[in-house]
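First the structure, in the form of structure tokens, and then the observations on it.
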Ligand code: DQA
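What follows is the structure, given as structure tokens:
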């Protein structure tokens, strides 16, 4: 089964970007860890990062019918993008929303997510660990789904 992992704007700067909030691990390291875990879980992990809203919408549209779950950190678009929400609504697979930081512990403008009410689940505040937790959860969800 194929799992798409989407990283939104500025997450390409992980490691350099506000490390006290987002940690010191780079996006390449996170992606590598996910691919390795995917191999163990028998999941094919595709990762994608973009700083552009439309590119993320295009990627989600292309995933239609081709993946069993989407793990997405929409980054700042979490709080603004109806376009990404609508694209995710196209897909009939579990969406896992993830944030490195605990968005509810931060500025009020980060408390609103356009994705949370259409997601199967949200992980927020576990740092880079959250991505692996999400992938393990996806493996469980897929294994327990009706054939
Ligand atoms: C983030 C939280 C967002 O509010 C912020 O805009 C990000 C990253 C996180 O992973 O904690 O870019 O999604």
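Numbering (the UniProt record's numbering), first residue to last: 4 to 150. Where is the CB? At the ideal position from N, CA and C, for every residue including glycine.
Practice prompt. Taking all protein chains shown into account, decide if residue 114 is buried (16 or more other Cβ within 10 angstroms of its Cβ) or exposed.
Written response: exposed
Worksheet item: For the putative contact between residue 6 and residue 138, defined by C-beta atoms under 8 Å, what is the C-beta separation to the nearest angstrom?
Response: 7 Å
Discussion item. Within the continuous beta strand (DSSP E) that includes residue 126, where are the two ends?
Written reply: 124-127
Practice prompt. Measure the Cβ-Cβ separation of residue 82 and residue 112 and say whether it is below 9 Å.
Written response: yes
Practice prompt. Pair every Cβ in the stretch 37-44 with every Cβ in the stretch 115-128, then say whether three or more of these pairs are closer than 8 Å.
Written response: no
Worksheet item: Who are the Cβ neighbours of residue 36 in its own chain at under 8 Å, not counting the five residues just before and after it?
Response: 131, 134 and 135
Worksheet item: Between the Cα of residue 27 and the Cα atoms of 57, 50 and 104, which residue gives the shortest distance?
Response: 104
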